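Below: one structure, written as structure tokens.
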Amino acid sequence: MKISARNILKGTITEIVKGATTSHVRIDIGGGAIVTASITNEAVADLKLEKGKQAYAVVKASDVMVGID
């Protein structure tokens, strides 16, 4: 896989929660960190995503927000 994004996090799918049109895919990237992606149900089916499968979280954003408690 070759893509322009520089933030590619390899991990394992721990959960897929399907909604009416969108799924939330949780990927354990190690060190206690979980990344959640919101993608279409069609993309989940096309990629044949399932719990336990290895996947990549690819982060490509022009803005990053920071929050504090």
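Be aware that the sequence shown starts at 1, since it is given in the UniProt record's numbering, and climbs by one per residue.
We treat Cβ as the ideally placed atom computed from N, Cα and C, and that holds for glycine.
Just so you know, these numbers come straight off a predicted model, no measurement behind them.
Inset, instruction - Classify D28 as helix, strand or coil using the three-state DSSP reduction. - result: strand
Legend entry - Inter-residue Cα distance where the pair is V44 and D69: 33 Å
Legend entry - According to DSSP, residues forming a beta bridge with V58: I8
Legend entry - Per-residue DSSP class, three states only, for E50: coil
Inset, instruction - State buried or exposed for A55, treating a residue as buried only when at least 16 other CB atoms are found within 10 Å of its CB. - result: buried
Inset, instruction - Identify whether V66 lies in helix, strand or coil by the three-state DSSP scheme. - result: coil
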